[in-house]
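Using the working numbering, the letters of the sequence shown map in sequence onto residues 6 to 258.
A quick write-up on the structure given underneath.
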Amino acid sequence: MDQPYLLSEAQMRRIEPFFPLSHGIPRVDDQLIVSAIIFVIKNGLRWRDAPRSYGPHKTIYNRFIRWSRLGVFNQIFVELAGQAGEPDRIMIDATHLKAHRTAASLFKRGALPRCIGRTKGGLNSKLHAVCDGEGRPIMMMLTEGQMSDHKGAFLLFDALPNAKELLGDKGYDSDWFRAALTARGITPCIPPKANRKVQYRYDKTTYKKRHLVENLFAKIKDWRRIHTRYDRCAHAFMSAICIAATVIFWLNQ
């Protein structure tokens, strides 16, 4: 962590069109501040521990929070992922993200949902993701940790791209989901649950490709502020996830 991370000029050209316009006093250099935000999230630092070469930590934190509320980082992810076009194959899955005590300290306060739930593993959030055939995320959604994969699929269904096939694990094995996918011309590649009376057939060779969505989660969780949630507000944590996904999978495309 001795050498601060810095976005390249080419990377900045791809994301600058989504930045809010500056009004009044010119703001601090976008390249430096956005690079600092990425550095802090990736290394799991407190904002005050950001290297001094990036400038005042309050400037970095304030820019992150302000743009998170505006949905800037979410829009960057959506637009860059959309530039790849609709994939022929998609995969769906979900993973738990542990909530640190600082994120859950005001669990029952505030009008906005924090997307923190209680499961056997403690307080956590759940990230639902849809990726393309290469394991690159194209849709993501943050919910409480106790939400089932099945319900997450229901909430994401209308926004799914018109792919030819969808890969999912047994958590997505339901009659309505299979029927809905078939009605849209998407072939489900989902292994049936053991207690099913009718055991659906699926392409086991194709299903082996589902490890790519697991790899997606592993790469995102390598970013320490993603692996453990420190942000109280759901919009801030979701922005951090979008930043990680954008830098890992889409910014160098």
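Note that beta-carbon positions come from the ideal geometry of N, C-alpha and C, so glycine has one too.
Within the region 32 to 85, there are no complete beta strand (DSSP E) runs of at least 3 residues. Here K226 carries a helix assignment [DSSP, helix/strand/coil]. For the pair F254 and L217, the Cα-to-Cα distance works out to about 12 Å. Cβ-Cβ separation between M243 and N129: approximately 15 Å, too far for a contact (criterion under 8 Å). In this structure, DSSP gives E149 an extended state, which the three-state scheme calls strand.
Note on geometry: alpha-carbon atoms of R51 and A15 lie some 28 Å from one another. Note that the region 60 to 67 does not touch the region 181 to 190; fewer than 3 beta-carbon pairs, one per stretch, sit closer than 8 Å. Ranking V83, K156 and Y177 by CA distance to the CA of P196 puts Y177 first. Annotation for P193: L171, R183 and L186 place their beta carbon closer than 6 Å to its own, counting only its chain and skipping 5 residues before and after.
Comparing alpha-carbon positions, the option among G150, M152 and W181 lying closest to F162 turns out to be W181. A straight line joining the alpha-carbon of I246 with that of S73 spans about 11 Å.
At the C-beta level, P9 and P61 stay beyond 8 Å of one another.
D227 and G140 have their C-alpha atoms spaced approximately 16 Å apart. With at least 16 other beta carbons inside 10 angstroms of its own, T251 counts as buried.
DSSP, reduced to helix, strand and coil, places A89 outside both helices and strands of the structure shown, so it counts as coil. Within the same chain, and ignoring the five residues on either side of D98 in sequence, the residues whose Cβ sits closer than 6 Å to its Cβ are V218.
Taking one beta carbon from each stretch, the region 143 to 151 and the region 117 to 125 have 3 or more pairs nearer than 8 Å; the two touch. Listed in chain order, the alpha helix (DSSP H) runs fully inside the region 161 to 242 are 180 to 188, 209 to 212, 216 to 226 and 229 to 232, counting runs of at least 4 residues. Between the C-alpha atoms of I43 and E91 there is a straight-line separation of about 28 Å. A direct Cα-to-Cα measurement between G127 and R106 gives close to 10 Å.
Inter-residue distance for L221 and I38 is about 26 Å (C-alpha atoms, whole angstroms). Take N167, set aside five residues on each side of it, and the residues of its chain with a beta-carbon closer than 8 Å to its own are E91, R189, G190 and I191, in chain order. For P9, DSSP records no beta bridge to any residue. Straight-line measurement puts the Cα of V203 at about 43 Å from the Cα of R230.
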